[in-house]
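Colleague: Pasting in a structure now, in structure tokens, and then I'll have a few things to ask.
There are 2 protein chains.
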Amino acid sequence: MTERGRDEFDVIARLFAPLATDPAARALADDAALLGDLVITTDAIVEGVHFLANDPIETVARKALRVNLSDLAAKGAAPLYYLLTLAWPAGRRAGQLDGFAAGLAHDQRTFALSLLGGDTTSTDGPLVVAVTMLGKAGLATPARAGAAPGDELWVSGSIGDGGLGLAALRGEIFAPEDFDYLVGRYRLPEPRVALAPLIAAEAHAAMDLSDGLAADARKLAAASGVAAEIDAERMPLSDAAARWLAQREPAKGLAALAGFGDDYEILFAASPARAGAIAEAARQAGAPVVRIGKIKAGHGVEVLHAGAPLALGPGGYAHRIGR
Amino acid sequence: MTERGRDEFDVIARLFAPLATDPAARALADDAALLGDLVITTDAIVEGVHFLANDPIETVARKALRVNLSDLAAKGAAPLYYLLTLAWPAGRRAGQLDGFAAGLAHDQRTFALSLLGGDTTSTDGPLVVAVTMLGKAGLATPARAGAAPGDELWVSGSIGDGGLGLAALRGEIFAPEDFDYLVGRYRLPEPRVALAPLIAAEAHAAMDLSDGLAADARKLAAASGVAAEIDAERMPLSDAAARWLAQREPAKGLAALAGFGDDYEILFAASPARAGAIAEAARQAGAPVVRIGKIKAGHGVEVLHAGAPLALGPGGYAHRIGR
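Here's what the structure looks like:
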């Protein structure tokens, strides 16, 4: 089960895609459905898989919203509403529900969301938080498919922090000065809502990064029927990630950063002719984006370091908790 | 935790209702939201709470759809789409996913639904199936609130079968000739989709029955600011439930049937002047409805038997599995 990402992808394609008989569902091949001018997405987070049992309950609630906000942003949509299904462990203190609701309230204000409906049940198992989120479509709603040879590949924010944060929480890396920052990036991803208008206007193809830059670029390329080439030196790194990388053999460290999941940044393909406009729009939105590579004819993904492809692992899921 | 229903109600009211800042959410006081002409509802079913671990996986999938279809029908809406979130136990055979998808496909055909999106994750805990369903609103979208003194109270189908089915599965009742029928009613509730146009046209207030007739009538009455009076002799019973009742002290047996959960029938209030039209519309829809009582000024619910109120338990949840 270390390759849960691929298992999941196969299952969805083989069993569930035939059930998505309406074009609005985009054959489940995308991160969201487009129904009229509503963009609709659903993502669940599970204790022990997407967050740790002792993560603060406020951040669990906020993360559940943010992984869905990230999907909307990657489709160029503005958040409107969400529905919430909670399977709440019988053994969790009831007082934690207050913290959970406070976390929701906080991010509702931050992202101009409101709760549309919900269902709360108890469970003997881990906490499961399932969110369905509705957004207002932008000028366009880019799919994963749509990237063409000649396009440039962009990414928002910084790469690898989420995975380093999880590793820090698990005691797998020692980075005392960066612990709080990295753990914060794992527990509270920053959905790039401010970039949604830019994505809607400029992206030929887009998706958010949950399974790792390399694995997700591979998916975008596959959906578009093209190849993606990423320049490892251009991968945007936080100061914390740069410090971590500086202590490692560069090729292995860069491959690890490109493999970590939980980034929730946006990957998108756009025309080189629009590079200046994209950079300016991102500056005005106050969210960083950088060009990290290009789209070519072919298939698959290569992350180049010093002119040669890095050896990539099976994907970011290997770095998730448990499986 | 035997009164989970009330706990849940309190939690939703106190913590989550303030998050539902948009009128579309109906302050979470209803079974669905109304967004434009879309009716949106969400309900999850959890292994060990809403179904048994060894229930056939096809019926688990179909029940997850049907509890949501039932909510739409009670709001007078026609099914359109659903989104599905699965937390799939690592220990379940992968082949069960095929059966799960087959169950979905079956009920999609039956109820003219299609899958709009989904998310599948693994879990170390029980199977959790969360569904968000979208329907097309009818002429009106009745809420739980809206019943007025003088209204008559109607219910569809038959009462108590779901709870008897669960009791049969758990070996708590012995009814060999009715076992298959009752277990079928528990595992595969019959959502009254055919009644949706009637509900939209005639109901002053409506909801589906998941926590038991008495407990849910109490909720409808509370939302409407009125009292509900149910005539126990008028409660529609299947032949199987009638046989079970015949072996019991009538007052206790009727109170139990009014307390069982998992009926997924529709309870609604309507004008006495419309009784003939309602009966005729139900006949044409091929779904049985009967008048079981009336709405009065006051508060609470009474189930009358031989002119006196039955002693009611704390609610249907006591009959759910586990809690």
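From first to last, the protein sequence lines are chains A and B.
With this note's numbering, you'll find the first sequence wraps up at 377, consecutive numbering, no jumps.
With this note's numbering, you'll find the second sequence wraps up at 377, consecutive numbering, no jumps.
Glycine included, each C-beta is placed from N, C-alpha and C at the ideal position.
Looking only at C-alpha atoms, which of A/Val93, A/Gly157, A/Ile66 sits nearest to leucine 250 of chain A?
Modeller: For the record, residue 250 of chain A in the displayed sequence is alanine; it is not leucine. Closest option to alanine 250 of chain A, Cα to Cα, is A/Val93.
Colleague: Do you know how far the Cα of aspartate 317 of chain A is from the Cα of glycine 217 of chain A?
Modeller: 7 Å
Colleague: Here's the rule: buried if 16 or more other CB atoms are within 10 angstroms of the residue's CB, otherwise exposed. What is asparagine 108 of chain A?
Modeller: The residue is exposed, with fewer than 16 neighbouring Cβ atoms inside 10 Å.
Colleague: Buried or exposed, going by whether 16 or more other CB atoms sit within 10 Å of the CB of alanine 351 of chain B?
Modeller: exposed
Colleague: Among B/Ala260, B/Ala269, B/Val344, which one has its Cα closest to the Cα of alanine 309 of chain B?
Modeller: Per the Cα distances, B/Ala269.
Colleague: Pull up the DSSP beta-bridge partners for methionine 289 of chain A, would you.
Modeller: Answer by DSSP bridge pairing: none, since methionine 289 of chain A is not bridged.
Colleague: Strictly under 8 Å for the Cβ-Cβ distance: is phenylalanine 70 of chain A near chain B by that measure?
Modeller: A Cβ of chain B is located within less than 8 Å of the beta carbon of phenylalanine 70 of chain A.
Colleague: When we look at the beta-carbon of histidine 353 of chain A and count the other beta-carbons within 10 Å, is it buried (16 or more) or exposed?
Modeller: exposed
Colleague: Using a Cβ-Cβ cut-off of less than 7 Å, list which residues of the region 136-165 of chain B approach chain A; keep chain order.
Modeller: Leu137, Thr139, Ala141, Ala144, Leu151, Asp152, Ala155, Leu158, Ala159, Gln162
Colleague: What is the DSSP secondary structure of threonine 75 of chain A, reduced to helix, strand or coil?
Modeller: coil
Colleague: Write down every uninterrupted run of the beta strand (DSSP E) in the region 158-200 of chain B whose length is 3 residues or greater and which is fully enclosed by it, in chain order.
Modeller: 168-177, 182-190
Colleague: Suppose the cutoff is 7 Å on Cβ atoms and the five residues either side in sequence are ignored; what does the same chain contact list for threonine 95 of chain B look like?
Modeller: Within the same chain, and ignoring the five residues on either side of threonine 95 of chain B in sequence, the residues whose Cβ sits closer than 7 Å to its Cβ are Asp85, Ala86, Asn122, Asp125, Leu126, Met187.
Colleague: I'd like to know if serine 212 of chain B contacts chain A, where contact means its C-beta is closer than 8 Å to some C-beta of that chain.
Modeller: no
Colleague: Thinking C-alpha only, which one of A/Ile99, A/Leu73, A/Ile284 is nearest threonine 139 of chain A?
Modeller: A/Ile99
Colleague: By the 10 Å Cβ neighbour count, where 16 or more other Cβ atoms means buried, how is phenylalanine 228 of chain A classified, buried or exposed?
Modeller: Exposed, because fewer than 16 other Cβ atoms sit within 10 Å of the Cβ of phenylalanine 228 of chain A.
Colleague: Which residues does DSSP list as the beta-bridge partners of histidine 359 of chain A?
Modeller: A/Ala362
Colleague: Using a beta-carbon distance below 8 Å, is valine 65 of chain A in contact with chain B?
Modeller: Using beta-carbon distances, valine 65 of chain A counts as an interface residue toward chain B, with a partner under 8 Å.
Colleague: Going by DSSP in three states, tyrosine 26 of chain B sits in which element: helix, strand or coil?
Modeller: This structure cannot settle anything about residue 26 of chain B, because the visible part of chain B is limited to 55 through 377.
Colleague: Applying the 10 Å Cβ sphere with the 16-neighbour rule, what's the burial state of leucine 193 of chain A?
Modeller: Leucine 193 of chain A comes out exposed.
Colleague: Out of A/Ser212, A/Val237, A/Ala148, point me to the one whose CA is closest to arginine 224 of chain A's CA.
Modeller: A/Val237
Colleague: Determine the extent of the alpha helix (DSSP H) in which glycine 219 of chain B is found, giving its start and end residues.
Modeller: 215-223
Colleague: When Cβ atoms are compared, which residues of the region 177-191 of chain A fall closer than 8 Å to chain B?
Modeller: Thr177, Asp178, Gly179, Pro180, Val182, Ala184, Thr186, Leu188
Colleague: Distance, Cα to Cα, glycine 172 of chain B vs leucine 311 of chain A?
Modeller: 28 Å
Colleague: Going by DSSP, what residues sit across from proline 143 of chain A in a beta bridge?
Modeller: A/Thr177
Colleague: Which runs of the beta strand (DSSP E) fall wholly inside the region 310-342 of chain B and span at least 3 residues, in chain order?
Modeller: Taken in chain order, the whole beta strand (DSSP E) runs of length 3 or more contained in the region 310-342 of chain B are 320-324.
Colleague: Just to confirm, is the Cβ distance from valine 280 of chain B to proline 230 of chain B under 8 Å?
Modeller: no
Colleague: Determine, for serine 168 of chain A, whether the minimum Cβ-Cβ distance to residues of chain B falls below 8 Å.
Modeller: yes
Colleague: Between the Cα of proline 243 of chain A and those of A/Ala78, A/Val114, A/Ala197, spot the shortest distance and give me the residue it belongs to.
Modeller: Considering only alpha carbons, the answer is A/Val114.
Colleague: What's the call for arginine 288 of chain B, buried or exposed, on a 16-neighbour Cβ count within 10 Å?
Modeller: Around the beta carbon of arginine 288 of chain B, fewer than 16 other beta carbons sit within 10 angstroms, so the residue counts as exposed.
Colleague: Kindly say whether leucine 82 of chain B, judged by its beta-carbon, lies nearer than 8 Å to any beta-carbon of chain A.
Modeller: yes
Colleague: So, with DSSP's three-state summary, where would you put phenylalanine 105 of chain A?
Modeller: strand
Colleague: Name, please, each residue of chain B whose Cβ falls closer than 7 Å to the Cβ of alanine 86 of chain A.
Modeller: Gly171
Colleague: So with CB distances below 8 Å, who are the chain A contacts of leucine 123 of chain B?
Modeller: The premise fails here: leucine 123 of chain B is roughly 15 Å from chain A at the closest Cβ pair, so nothing lies under 8 Å.
Colleague: Kindly list, in the order they appear in chain C, the residues whose Cβ is closer than 7 Å to that of glycine 102 of chain A.
Modeller: No chain C appears in this structure, whose protein chains are A and B.
Colleague: Does any C-beta atom of chain B lie closer than 8 Å to the C-beta of threonine 95 of chain A?
Modeller: yes
Colleague: Could you pull out every residue in the same chain whose Cβ sits closer than 6 Å to the Cβ of glutamate 319 of chain A, ignoring the five residues on either side in sequence?
Modeller: Val209, Ser210, Gly211, Leu263
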